[in-house]
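Chemist: For what it's worth, the working numbering labels the leading residue of the sequence shown as 27, then goes sequentially.
Ideal Cβ positions, reconstructed from N, Cα and C, are used throughout, including at glycine.
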Amino acid sequence: MTVLAVFRSRAQSVDYAQKLMEYGVRCETVPAPKEARIGCGLCVRFDGRVLTRAKAILHLGGYSTFKGFYKMDYQAGGLVLYPLPL
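Take a look at the structure:
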């Protein structure tokens, strides 16, 4: 499962990705898909198996522009995002 951490701030997306990498979580900063409904922005993509660790790191940072974690899925040739609980 692939998870996106969606932010309204490009700077906070980049900072969160750096924090994840510091804690050994492989991730990449990618453009936020239009399905996330945040306009232009960046999000952080990572493997869902490390979601618990990613949530803990998120709470350490106090990210005010965090919108949510979303599971990525493709259905009928299109991207679908499912919100995940914090």
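So what does DSSP say about T55, is it helix, strand or coil?
Modeler: Strand, per DSSP.
Chemist: Would you identify the three-state DSSP class for L68, choosing helix, strand or coil?
Modeler: If DSSP states are grouped into helix, strand and coil, L68 belongs with the strands.
Chemist: Please report how far the alpha carbon of V106 lies from the alpha carbon of V29, in whole angstroms.
Modeler: If you take the alpha carbons of V106 and V29, they lie about 12 Å apart.
Chemist: Relative to the C-alpha of G104, which candidate in E61, G67, Y42 has its C-alpha closest?
Modeler: For G104, the nearest C-alpha among the options comes from E61.
Chemist: Would you list the one or two residues that DSSP bridges to T91?
Modeler: None; T91 has no bridge partner.
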